[in-house]
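Going down the list, the sequences are from chains A, B and C.
If you're matching positions, the first sequence starts at 1 in my numbering and goes up one per residue.
If you're matching positions, the second sequence starts at 219 in my numbering and goes up one per residue.
If you're matching positions, the third sequence starts at 531 in my numbering and goes up one per residue.
Here a beta-carbon is modelled for each residue, glycine too, at the ideal position from N, C-alpha and C.
One structure below.
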Amino acid sequence: MDSLFSQLSVLGSSLVLLFGLILLWRRGISAYVGAFAAQSMVLSAVIAIVGYFGNDHELYWVAGTLFLLKGLVIPRLLRRMERRFAVEREMEPYVNTASSLVVSGLLVLFGYMVTRPLVGLSQLPTRAGMPLAMGLVLVSLFVVISRKKALTQVIGFLMLENGLALLAVLGTYGIPLIVELGVALDVLMGFLVMQIFVYRIHETFESIDVEQLNRLRY
Amino acid sequence: MGYVLEVAQAALALALAPGLAGLIRWLKARLQNRRGAPVWQPYWELAKLFQKEVVVSSNASWLFRAAPFIVFASTTAVTFLVPILAVPLPFDGLGDLLVVVYLLLLSTFFLSLGGLDPGSPFGGMGASREMTVAALAEPTVALAIFALALAAGSTNLGQIVARTMADPGAFLSPGHLLAFGALFIVTLAETGRLPIDNPATHLELTMIHEAMVLEYSGRYLALIEWAAAVKLFIFFALLGNLFIPWGVSVVLTPTTVAVAVASLLVKLVVLAAVVAVLETRIAKLRLFRVPELLSVSFVLALLAVTSSFLLK
Amino acid sequence: MLGGYGVGAVGALLMPGGRAGRGIAAFGMVWGGAAGLALSLQVLLGGAAFTLEVPTLLSIADGLAFRLDALGAFFLGLVGLLAIPCGVYGFEYVGAYEGRYSLRLLGAMLNMFLLTMSLVPCADNVLTFLLMWEGMSLTSYFLVLTEADEPDTIAAAGWYLAMTHVGLALALAGFLILAANATTTAFGDLRTAAASLTPAMRNTVFLLALAGFGSKAGIVPLHVWLPRAHPAAPSHVSALMSGVMIKLGVYGLLRIGLDLLGGGPAWWGALLIGLGALSAVVGVLYALMENDLKRLLAYSSVENIGLVFIGLGAGFLFLGLDATAAALVAFAAALYHALNHAAFKSLLFLGAGSVLHATRTRDMNRLGGLIRGLPWTAAFFLVGALAIAGLPPLNGFVSEWLLFQSLLPGIESRAPMVAPLMTLAVSVLALTAGLAAAGFVKAFGITFLAIPRSPAAECAHEAPVSMRVGMGILAVACAVFGLAAVVVMPALAAALAGSARLPVPVPGFGSGVSLSMPSGFARMSPTLVALGLILITGAAWLVVRLFASRWPVRVSATWGCGRVVQTPRMEYTSTAFAEPLRRVFAELYRPTQDLSIDFHPESRYFVQSIEYRSEIVPWFERYLYAPLVTRVRRWSIWVRALQSGSAHAYLTYLVIALLGLLTLLIVRPG
C-alpha cells in the first residue's frame, strides 16, 4: 500500500512537472492554456490521492476547489483573453527552445540538490516527489524571465502557484483549508488585476509583448 | 543450445523486419482511407532489388560499394546482442547496451560516408543532416541507458530484462516511464520516422535517410533497405523487451520460446500501430525544430535518471 | 636510449643534408624510441623501478636524479611508441623541406625533443624535472618555427612560447610550495613532506599544478596555443606534440596530485570533471566548424584531453570519497584513453601530413577525391577516423566504454553533489562522442571522397613508402590496443597501483577475450565483436555474390535531377556539412555575419554581386585573451621605460637592489 501511494505520488508529480515543461517547448498560447488546465487537474488528483491515503478529508475540498478554479474557471478566462488579443505566438523568446529545455533540466537537477536535506529528514511516503515540485517552481520562474509575451508570464506565475501547492502537499500532507481558500482568493484577485494590465498593454501598444513597455520611457 | 537460439533469433529478426516496415505502411494506408500495399510487399521489393542491375556513380570509390555490406553487418551484429526471445543469452558477455548503441552509430557513419562519396549535393545534405540528428540523440540514449542500468545494476541487457521481470512494481516507476518516453522519441529519430524524417517522401529537400541512399541501386539498395528495417525491428524489440519484458523466456523450453515469439509479435504490432497513428496525425518538423524535440527527449532522460536515484 | 637520441641529434647536425642526413635523424629517433619503449616495458611489467643519480652535475639544487617508476614508465613508453612511426614517417616527409629550411636543425631539434620528453617522466627531483620540461618546451618551439616562411607560423610559435612559459612558472610555484617543508627537492622527500602540509597549501599546490600542467595539456581556457601551434608545425612534429607532449601535462598533474600529494578532497575531482567536460564540448564544437584539416585535428585533441580529464577527475573524486577501487578504474580508463588518443591522433596527423605533402594545402574546401590518388593514406585515415569517433571494435570505443563504466558507480553515490555531476559528465561524454563522429565524417568525407575541388587535389600522388609505413604502424597499433584491451588494462592499473591509496593487488579486468569491470558491472569483448563483424560482412558478401549477382555493376554519371554536367561546385563543402550543427549551436558560436550586396546603379531590383562572410571567433579569445593581450602590451610599453639605455639608471637599480637586500638582512637576521 505504502509503496503504491509513493509511486502514485511521484508519478503525479512527474506529470505535473512535464506539463510545466510544455511552456518551454510549444509556442502557441492555446497549448499553454491546455497544459495549465491539465496540470491543475493532475495536481488536484494528487491532492485527492494524498487525502485518501493520508485520511485527511479536508484535502478533498482543497482538491475540488483547485479543480474548479484552476482547472476550469481560470483556463476559460485565459482562453477568452487569448481570443481577444488574437493569436500571438512566442516566436523569439530570450532563450531559444532547445537551450531553455536544457536549462530546465539543469534547474530540475538543482531543485533535487536543494531539497535533498528535506527529503532526508522527512518520513512521509510522498517525500520523493518534493524535488520535482521544487523543479516546477524553478522552471516556472525561468519561464517568467525568459518569455516575452505577457500571457505566457501570467501562465508561468499560475504554474508557480501550482508548484508551491504541490510542494506543500507532498511535504506536509497539505495545508489547512482556510489558508488554502485564502491563497485561492489571492490568486484570483491577482489574476484579475493582471488581466486588466494585459488589456491595457494591448490597448496601448497593439501587442502583448512586454518588451514594448520600455517604450513608456520616452 | 544457446548458440542455436542466438542464430535463430538473428534469423527471426532478419525475416520479420521487412514485414514490420510493411505493417506500418499498411496501417498508415488504412488510416488514410486507402487500401494500401499488402503487409508483405517489402519482401517482394527486396527480392526484386536483388535481381536488378546495379548502377554506380563514376565518382564513387570502393567505399561506396563496401558501405552497404558494413551497414548490413553492423545492424545484423546487433540482433545477436539484443534480447529478442530469451534471456540470458550466451553472447551476453560480448556486448552490452553501449556496444549496441555504438554499433548502430557505426552503421550511420558508413551510411553517411556512402552518401558523400558520389559527390551529389543530395547525398551530402542527407549525410550532414543524419549526422546532426544522430549526434544530438546520443546524450539522450546514454542517459536513458544509465537510467535503466542504475535500476538494474548493470548495463548488461540480459540483466536489465531480468531485473524488470523480477520486480513488476518497477514498471510503473516514473524513471521507467520517462526513460520509455525518451527512448521512443530517439527511436523515431534514429529510424527516420515522422516527425523527424518522412520515409515515404519523394521530395529530396525534405529527406534525411533517403537522400543518403539516393545513389544506391540493385543489391546494394536491397541491403541498405533491409538494414534499415532491421534497425527499426531492433529498436522496437528494445522498447518492448526492456520495458515490458513479460513473455521473454528465461528457461529454454519449446513452450517458453513459443510464448516468447507470440509476445514479441504482439509487442511489435502494438508499437507499429502506435507509430502508424502518430505518423498519420503529426506533420514532419522542419530540420531546425528537430533539435528542440531531441532536447525534450534529453530532459525526459535526465528526469528519468534523477527519478532513479530519487527513489533510493 | 641516450645513445640513440644522441646519435640522431649529433649526426643530424654534422651531416651536410640530403638523404643521409635525414636517414641519420630518423634512425636516431627509431633507435631511441625502441630503447625507451623497451625500458618502459621492462619497468611496467617487471615491477622494479630503475634509478640513476648524477648528483655532481649541477650540484646546486641537488643535482640530477632519475628514477623510473611504473607511472613514469607508462609515459616513457608512450614517447618511445610514437617516436618509431614518426621517425620512419619523417624520413621522407622532410624531403619536401630540402633547400628551403635547415634539415640539420630540424633533425637535431627533433631528437633533442624526444630525448627531453623521454627524460621528463624519469625525473626524480624538481631540478631535473624542470630542466627536462624546459628543454622540451624550447626544442618544440624551434620545431614549430620550422616553416618560418608561412605567415602564421611565427605568431603561432610566439603564442606557444608565451603560454608554455606561463605554465612552467605556475608549475614551478607549485613545486616550490610543495618543497617548503621538505629537506631536499627529491620526489621521495616531497612525498613524505607532503603529509605535513596544511590543507590550504595542498589546495594551492594542486591548483597551481592544474593551471601549469593544464595549459600544457590544453584544457580550456588555457588551450589557445593548441590550434595555432599544432597546424603550424611539420606534420610528424604535430603528431608527436599532440600525441605525447600534451599527455605529459597529464603526467605532471598525476605526479603532483596523485603521487606526491596522495590525493585530496573530493572537490579536486569535481573541478577536473568540470574543466574536462568544458574542454570536451568546446573542443569538439570548434573542431566541427573548422575547414583547415590540421586545426580540426588540433581542436579534437582539446576534446580528447577533456575526456581524459573527466576520467582523472572521476578518479580524484572517488579517491576523495575513499572509494579506492573505483578510483583505480577511473584513473586507468583515463590513461587508456590517453594511450589510444596518442595512437589515433598521431595517425590522423600523419595522414593529414601526407595530404599536405601531396596537395600543398590544408583547406578542406580545396580537397576531395583523394581516395583515388592516395589510397593508402585514405585507408589509414579512415582507420584513424573510426578510432577517434569511438566506433567498435577499435581502441577509441574501448576507452570510451571504460570511461562510461567508470563513471557509473558515481551515480549511485550518496555524497551530495556527486550524482548530478556524474549525470552531467555522462551526457557530455555521449554528446562529444556523437559530435566527434559527425566531425570526422566531415573530415574524412570531404577530404577524401567525391570529386576533387581544386587542381591541386586532382593531381595528388600517393605518399612515399616510409610515410606509408609510419602510418601503417600506427593503424595496426590502433587495432591492437582495441583488441588487446584485456592485456592493456591490467598493465595500466599496475602502473597506478601503489600510488596514493590505490589498492595494490590489481583487480582482474576480465579473462580471455572478454573485458569486464572488476565490480562485475558489465562485460564486453572487442575481439569477438570484431570477429563477428568480419564474419557477417564476409557471409553477406558471399551470399550476395552467389545468389544476387546476375548483373555486373554499371558505371554511370551521378544522378543529377536532370542537370547535364556535374562540376565540383555542386558538391557539399565542409562548411555546408557543418551548417546544421552551426545553427543548432549558434548561441554558443555567435558567428559574425557580413552581407554586402552590390546593386545595379540603375535599379535596386537588379543585383550585381553579393558577398557573404561569416566568421566564428572563439569567444574566450574575444573576451578573455584579447583584453589580456592588450593589457600586457600596455604594461610592457610602460615597463620599457625602465630600459632607458643610460648606464647611470642601471647602476642606480643595482644599488637599490643591494640596499633592499641589506635591509632584509637587518629586518630578519639569520
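Integer-rounded CB distance, given that residue j should sit under 8 Å from residue i
{"i": "Val674 (chain C)", "j": "Ala687 (chain C)", "result": "5 Å"}
{"i": "Ile918 (chain C)", "j": "Phe874 (chain C)", "result": "5 Å"}
{"i": "Ser745 (chain C)", "j": "Val696 (chain C)", "result": "7 Å"}
{"i": "Val754 (chain C)", "j": "Glu1151 (chain C)", "result": "6 Å"}
C-beta atoms of residue i and residue j nearer than 8 Å
{"i": "Gly465 (chain B)", "j": "Ala478 (chain B)", "result": "yes"}
{"i": "Phe290 (chain B)", "j": "Pro336 (chain B)", "result": "no"}
{"i": "Val305 (chain B)", "j": "Val468 (chain B)", "result": "yes"}
{"i": "Val885 (chain C)", "j": "Leu916 (chain C)", "result": "no"}
{"i": "Ser330 (chain B)", "j": "Ala345 (chain B)", "result": "yes"}
{"i": "Pro236 (chain B)", "j": "Ala418 (chain B)", "result": "no"}
{"i": "Pro985 (chain C)", "j": "Pro1098 (chain C)", "result": "no"}
{"i": "Val495 (chain B)", "j": "Leu323 (chain B)", "result": "no"}
{"i": "Leu954 (chain C)", "j": "His867 (chain C)", "result": "no"}
{"i": "Pro1056 (chain C)", "j": "Ala1005 (chain C)", "result": "no"}
{"i": "Arg552 (chain C)", "j": "Phe621 (chain C)", "result": "yes"}
{"i": "Ser936 (chain C)", "j": "Ala360 (chain B)", "result": "no"}
{"i": "His527 (chain C)", "j": "Tyr623 (chain C)", "result": "In the structure as shown, chain C begins at 531 and stops at 1200. Residue 527 (chain C) is therefore absent and cannot be evaluated."}
{"i": "Ala490 (chain B)", "j": "Leu241 (chain B)", "result": "yes"}
{"i": "Ser515 (chain B)", "j": "Thr409 (chain B)", "result": "no"}
{"i": "Gly782 (chain C)", "j": "Ala701 (chain C)", "result": "yes"}
Exposure of residue i, with buried meaning 16 or more beta-carbon neighbours within 10 Å
{"i": "Ile155 (chain A)", "result": "buried"}
{"i": "Val222 (chain B)", "result": "exposed"}
{"i": "Trp444 (chain B)", "result": "buried"}
{"i": "Ser513 (chain B)", "result": "buried"}
{"i": "Phe191 (chain A)", "result": "buried"}
{"i": "Arg1112 (chain C)", "result": "buried"}
{"i": "Val296 (chain B)", "result": "buried"}
{"i": "Asp1128 (chain C)", "result": "exposed"}
{"i": "Met1 (chain A)", "result": "Caution is warranted here: a pLDDT of 49 is assigned to Met1 (chain A), below 50, making its placement in the model unreliable, and no coordinate value can be reported."}
{"i": "Gln1123 (chain C)", "result": "exposed"}
{"i": "Ser276 (chain B)", "result": "exposed"}
{"i": "Asn251 (chain B)", "result": "exposed"}
{"i": "Gln227 (chain B)", "result": "buried"}
{"i": "Met819 (chain C)", "result": "buried"}
Closest residue to residue i among the options (Cα-Cα distance)
{"i": "Phe659 (chain C)", "options": "C:Ala1025, C:Pro615, C:Gly617 and C:Gly779", "result": "C:Gly779"}
{"i": "Ala400 (chain B)", "options": "B:Ser338, B:Ala367 and B:Leu511", "result": "B:Leu511"}
{"i": "Leu334 (chain B)", "options": "C:Gly975, C:Arg983 and C:Gly903", "result": "C:Gly975"}
{"i": "Leu107 (chain A)", "options": "A:Tyr94, A:Met81 and A:Val139", "result": "A:Val139"}
{"i": "Glu271 (chain B)", "options": "C:Ser1139, C:Pro1082, C:Leu1172 and C:Glu1132", "result": "C:Pro1082"}
{"i": "Thr713 (chain C)", "options": "C:Ala857, C:Ser726, C:Arg890 and C:Leu937", "result": "C:Ser726"}
{"i": "Ala762 (chain C)", "options": "C:Pro615, C:Leu961 and C:Glu677", "result": "C:Glu677"}
{"i": "Ile1140 (chain C)", "options": "C:Val1147, C:Phe1115, C:Arg758 and C:Leu1125", "result": "C:Leu1125"}
{"i": "Ser207 (chain A)", "options": "A:Leu151, A:Gly54, A:Pro131 and A:Leu170", "result": "A:Leu151"}
{"i": "Ser570 (chain C)", "options": "C:Gly610, C:Phe596 and C:Arg1163", "result": "C:Gly610"}
{"i": "Val144 (chain A)", "options": "A:Pro125, A:Leu166, A:Ser104 and A:Ala165", "result": "A:Ser104"}
Pair every Cβ in the stretch 1015 to 1025 of chain C with every Cβ in the stretch 643 to 652 of chain C, then say whether three or more of these pairs are closer than 8 Å.
Judged by Cβ distances under 8 Å, the stretch 1015 to 1025 of chain C makes no contact with the stretch 643 to 652 of chain C, as fewer than three pairs qualify.
Would you call the stretch 503 to 510 of chain B and the stretch 92 to 109 of chain A in contact, with 3 or more CB pairs under 8 Å?
The stretch 503 to 510 of chain B, when compared against the stretch 92 to 109 of chain A, does touch it at the 8 Å Cβ threshold.
Could you say if the stretch 963 to 973 of chain C and the stretch 799 to 816 of chain C meet the contact criterion of at least three C-beta pairs nearer than 8 Å?
Output reads yes: the stretch 799 to 816 of chain C touches the stretch 963 to 973 of chain C.
Three or more C-beta pairs below 8 Å linking the stretch 262 to 278 of chain B and the stretch 479 to 490 of chain B
The count of Cβ pairs closer than 8 Å, one atom from the stretch 262 to 278 of chain B and one from the stretch 479 to 490 of chain B, stays below three, leaving the stretches out of contact.
The stretch 794 to 802 of chain C contacting the stretch 729 to 749 of chain C, beta-carbon criterion three pairs below 8 Å
Output reads yes: the stretch 729 to 749 of chain C touches the stretch 794 to 802 of chain C.
Cβ pair count under 8 Å reaching 3, the stretch 850 to 858 of chain C against the stretch 815 to 834 of chain C:
Taking one beta carbon from each stretch, the stretch 850 to 858 of chain C and the stretch 815 to 834 of chain C have fewer than 3 pairs nearer than 8 Å; the two do not touch.
On the three-pair Cβ rule with 8 Å, is the stretch 599 to 615 of chain C touching the stretch 771 to 778 of chain C?
As far as the Cβ criterion goes, the stretch 599 to 615 of chain C touches the stretch 771 to 778 of chain C, which means the pair count is three or higher.
Is it the case that the stretch 1062 to 1078 of chain C contacts the stretch 412 to 427 of chain B, given that we only count it when at least three CB pairs across the two stretches are under 8 Å?
The stretch 412 to 427 of chain B is not in contact with the stretch 1062 to 1078 of chain C.
Between the stretch 613 to 620 of chain C and the stretch 553 to 564 of chain C, do three or more beta carbon pairs fall short of 8 Å?
They touch, by the three-pair rule.
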